[in-house]
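Taking the working numbering, the leading residue of the sequence shown gets -3, the next gets one more, and so forth.
Here is the structure we will look at.
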Amino acid sequence: MQKLRIKNYNTKDTIAAIATYPASSALGVIKISGKKALPIISEIFISQKKKDIKKAKTHTLHYGWIKNGSQSSNGTGVLDEVLVSIMRSPSSYTKEDVVEISSHGGTLVLNKILERVLGQGARLALPGEFSYRAVRGGRIDLLQAESIRDIVDAKSEEGLRLAIRQLKGEKSKEIDGLKERLKELFVKTEALINFPEDEVNISLEKLKKELKAIRNSIDSLLAASQEAKILREGLKCVICGKTNAGKSTLFNCLLKEERVIVSRYAGTTRDVVEETINIRGVPLRIYDTAGILEPKDLVSRKAIEKSAKTFNEADLIILVLDGSKQLAKDDYFLLERIKDKNAIFIINKSDLPQKIQLDKLATLSVPKVKMSALHNKGLKQLEEAVFKSVYKRGVDREDVIFLSHYQKQSLDALRGNILEAYQYMDKGYTIDFLNFALRESLDNLAKLSGKVLADEVLHDIFSNFCIGK
């Protein structure tokens, strides 16, 4: 897709878009923002009370009809019966004059109303342009804007709840606190440089201690952003095991339905099967694979190649071992493959007499869950093990922070600045070096919240939003 030019994000234009999903429904909404929003609606709207809508107070609702441009084929002269919401600057989402038209949700009628709005001088909004203006106008910061996208794209109730917390500005306050701490250090170094004759009493050891504390705070934010990535995209989880160990039975057990054909014959699954479930608020993208063992024919070779790719990209491996049999060559092969990966061992078929040599697994520091996937026994223990594997870094869920790729880069750069400043002090460099590193850290922190960010970067971020947001 060709990138839109930054000049198209012209904040002097009045913009408009359909803000609801383009499908037949009970209601649809067209949003208008900019200086011409009120003049435009006054031209195309007939108020039931015959009032001049340009004089309407902010945050008021008005009933009436949208006029057709010319006499309509049905002879009514109107396009639809609507409700019009008026939100005057600066008390609106974009901090501009905003008008929302709530009409019936037919695709044709929505597009006809939008045509009327555009015909009066508005421009069709680009993806994310309303949120772009909200950030530019200071209504929200970049952290809150990022949470809006995550509310729209939420795959779990937990992800939705945490995105709403970020929209309310809770993470922004945390970043502001970090900014104050950095600014205080920067001011102290400025004083040491500019007023050496005043014998400013600042302990370099205290500066080092505070830098270390700030670095720890940044590390916590980076870890929390990784947890957010899991809530946003889901944890890629691969179920693997030797043939007939019960992989597909476990897959169906997790889904609570028969998604994969289960047979007593070995090697039934011939391809990678994918589904998404939620385990205690964590979206889990689970893959049942055709195995990653030695192929016996061309068909199985192709299936195994696809499975191996999925396996290598996985965030979590669930290895299914047949508890009713001793460990075999294929089991040892898989155990070797996953030794450096985040994994959980399932000792399956616990309803049968057990022959597996558990002592040979005891040395591996991997969670082990006894199950009978066939009889749905041990499922809660598996869910607990999956949940702990996601949050094993000790990050509190309430600390999760949703960041874009650019924000993550800014946070990484900020950490680099702090490490650099600490090293300057450790090696006895002059205070000027520390001052410079702190100045850069403040710049990167401003980029994180969107207070200082190039238009090109902002454009790339908001172009990933949906039109109308």
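For glycine and all other residues, C-beta sits at the position ideal for the given N, C-alpha and C.
Euclidean distance between Cα positions of residue i and residue j
| i | j | result |
| --- | --- | --- |
| Ile36 | Ile42 | 12 angstroms |
| Ile282 | Ile210 | 37 angstroms |
| Gly24 | His100 | 6 angstroms |
| Ala15 | Leu120 | 12 angstroms |
| Val368 | Lys404 | Contrary to the premise, residue 368 reads as Ser rather than Val in this sequence. Near 42 angstroms, if we compare the C-alpha coordinates of Lys404 and Ser368. |
| Ile214 | Asn64 | 56 angstroms |
| Lys108 | Leu75 | 8 angstroms |
| Ala442 | Ala433 | 14 angstroms |
| Ile352 | Ile342 | 12 angstroms |
| Val94 | Gly102 | 23 angstroms |
| Lys45 | Lys51 | 13 angstroms |
| Tyr89 | Met83 | 9 angstroms |
| Lys364 | Gln350 | 15 angstroms |
| Asp422 | Ile414 | 12 angstroms |
| Ile49 | Ser38 | 6 angstroms |
| Val105 | Gly115 | 15 angstroms |
Residue i (DSSP reduced to helix, strand or coil)
| i | result |
| --- | --- |
| Lys364 | strand |
| His58 | strand |
| Asp149 | coil |
| Phe182 | helix |
| Lys335 | coil |
| Arg471 | Residue 471 is absent from the model: the chain starts at -3 and stops at 465. |
| Val105 | helix |
| Ile136 | coil |
| Asn64 | coil |
| Asn274 | strand |
| Phe247 | helix |
| Leu120 | strand |
| Ile144 | helix |
| Phe307 | helix |
| Ile37 | helix |
| Ile352 | coil |
Sub-7 angstroms separation of residue i and residue j beta-carbons
| i | j | result |
| --- | --- | --- |
| Val396 | Leu158 | yes |
| Lys27 | Glu96 | yes |
| Val234 | Ala304 | no |
| Ser533 | Leu357 | The displayed coordinates of the chain run from -3 to 465. Any statement about residue 533 would go beyond what the structure contains. |
| Asn344 | Val382 | no |
| Leu250 | Ile273 | yes |
| Ser445 | Leu139 | yes |
| Thr10 | Lys32 | yes |
| Lys151 | Pro279 | yes |
| Ile466 | Glu379 | There is no way to answer for residue 466, as the model of the chain reaches only from -3 to 465. |
| Phe398 | Glu142 | yes |
| Lys208 | Ile198 | no |
| Asp284 | Phe307 | no |
| Ser437 | Leu178 | yes |
| Asp327 | Lys238 | yes |
| Glu92 | Ser85 | yes |
Residue burial classification, residue i (beta-carbon count within 10 angstroms, cutoff 16)
| i | result |
| --- | --- |
| Asp336 | exposed |
| Asp355 | exposed |
| Gly173 | exposed |
| Phe329 | exposed |
| Gln22 | Before going on, a small fix: residue 22 reads as Ala here, not Gln. The residue in question, Ala22, is exposed, as its Cβ has fewer than 16 Cβ neighbours within 10 Å. |
| Gln162 | buried |
| Ala13 | buried |
| Gly73 | exposed |
| Ser259 | Note that Ser259 scores a pLDDT of 33, beneath 50, so its modelled location is shaky; the value from the coordinates is reported in the next line. Exposed, since its Cβ has fewer than 16 Cβ neighbours within 10 Å. |
| Glu332 | exposed |
Start and end residues, beta strand (DSSP E) containing residue i
| i | result |
| --- | --- |
| Gly237 | Leu231 to Gly237 |
| Asp318 | Leu312 to Asp318 |
| Arg281 | Val278 to Asp284 |
| Glu416 | Counting along the chain, Glu416 falls outside any beta strand (DSSP E), though it belongs to the alpha helix (DSSP H) covering His401 to Asp422. |
| Phe41 | Phe41 to Ser43 |
| Ser127 | It is not in any beta strand (DSSP E) - Ser127 instead sits in the alpha helix (DSSP H) that spans Glu125 to Arg132. |
| Thr81 | The identity of residue 81 in the sequence shown is Ser, whereas the question assumes Thr. Segment Val74 to Met83, the beta strand (DSSP E) holding Ser81. |
| Asp96 | The question names Asp, but residue 96 in the sequence shown is Glu. Residues Val94 to His100. |
Terminal residues of the alpha helix (DSSP H) in which residue i lies
| i | result |
| --- | --- |
| Val382 | Leu375 to Val386 |
| Ile26 | Careful: Ile26 lies outside any alpha helix (DSSP H), inside the beta strand (DSSP E) at Leu23 to Ser29. |
| Leu370 | Leu370 -> no alpha helix (DSSP H), and no H or E assigned at all. |
| Ile14 | Run containing Ile14: none in the alpha helix (DSSP H); it sits in the beta strand (DSSP E), Ile11 to Ile14. |
| Ser437 | Ile427 to Ser445 |
7 angstroms Cβ cutoff, residue i in contact with chain B
| i | result |
| --- | --- |
| Val148 | Absent here is chain B; the protein component of the structure consists of one chain. |
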